[in-house]
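According to full-length UniProt numbering, the sequence shown holds residues 1 to 224 in order.
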Amino acid sequence: MEGGSDGTPKPTETWANKVKGSSIASKGKALSFVAPVCTDGKVIACLQQSELNRCNAPWSNAVVMFVIGETPTIASVMRFITKEWNHVAMPKVFLHDEGYFVLKFGSVEDKDVVLFAGPHFFYGKLTILKQWSPSFCFHEKVLKVIPLWIKFPNLPLNRWGEDSLSRLSSVVGVPLYADECTSQHLRISFARVLVEVDVTRPLPSSITVADPSGQEFEQATEYE
Numbered sequence: 001m002e003g004g005s006d007g008t009p010k011p012t013e014t015w016a017n018k019v020k021g022s023s024i025a026s027k028g029k030a031l032s033f034v035a036p037v038c039t040d041g042k043v044i045a046c047l048q049q050s051e052l053n054r055c056n057a058p059w060s061n062a063v064v065m066f067v068i069g070e071t072p073t074i075a076s077v078m079r080f081i082t083k084e085w086n087h088v089a090m091p092k093v094f095l096h097d098e099g100y101f102v103l104k105f106g107s108v109e110d111k112d113v114v115l116f117a118g119p120h121f122f123y124g125k126l127t128i129l130k131q132w133s134p135s136f137c138f139h140e141k142v143l144k145v146i147p148l149w150i151k152f153p154n155l156p157l158n159r160w161g162e163d164s165l166s167r168l169s170s171v172v173g174v175p176l177y178a179d180e181c182t183s184q185h186l187r188i189s190f191a192r193v194l195v196e197v198d199v200t201r202p203l204p205s206s207i208t209v210a211d212p213s214g215q216e217f218e219q220a221t222e223y224e
């Protein structure tokens, strides 16, 4: 603490005062001190669900994109989108240091059109696309759990309902979507569904299905 011209102590200037009114504060967001909680000797920062919900909303139409074996530039990804996905508006493209992209679409329609159009290839390289979620973790989910199109050849037509397809697909993974031809019965040779599967586990070549009477049959599965 320095003295003033009259000999009185001069208050020490804090970093908060130095930053206030600077270009840093004008371009960013002002933060404030929020006391953490101490539980059993552990200091914990407790987050608020209301703010998490507010911050989730801008990313609700985001898709995670990972090109296996390559990390292209943002410019090359944008060129790819312009060429291959010219039926949707250009999303905002973000590159993470871990080597994956987040594509922020302007509408749920654009997001779904791209997400469900697979399988995807980036100039010959297999590409994983999946819906962003608040709990997304790159290493746990992109490299382990991926969306695959599964075909159920010769599936009886009375088992093409949403509930039946969901039950069949749930044997393999987490069902996401039935394609248009399946939903509208435009093709009857096989049902086709998009399912998130754990690729570290063997994929079954068939699944066991039981009808309401308890009679079982084996349904073949094919993977794209």
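Glycine included, every Cβ here is placed at the ideal spot set by N, Cα and C.
- Contact annotation: D198 and K144 have beta-carbon atoms nearer than 8 Å.
- Around the CB of N56, fewer than 16 other CB atoms lie within 10 Å, so the residue is classed as exposed.
- Residues of the same chain with a CB within less than 8 Å of the CB of P58, apart from the 5 flanking positions on each side, are K104 in chain order.
- Counting only runs that start and end inside the segment 152 to 215, the beta strand (DSSP E) elements of at least 3 residues fall at 174 to 178, 190 to 198, 206 to 210.
- Two segments are said to touch when three or more pairs of C-beta atoms, one from each, lie closer than 8 Å; by this definition the segment 181 to 192 does not touch the segment 207 to 215.
- Note on geometry: alpha-carbon atoms of V77 and I128 lie some 13 Å from one another.
- Every beta strand (DSSP E) stretch that sits fully inside the UniProt domain "DUF4283" (58 to 139) and reaches 3 residues is listed by chain position as 62 to 67, 92 to 95, 101 to 104, 120 to 122, 125 to 131.
- Under the DSSP assignment, C38 falls in the beta strand (DSSP E) whose first and last residues are 37 to 39.
- Note: L148 is bridge-paired with V195 in the DSSP secondary-structure output.
- Straight-line spacing of the CA atoms in P175 and W132 works out to 16 Å.
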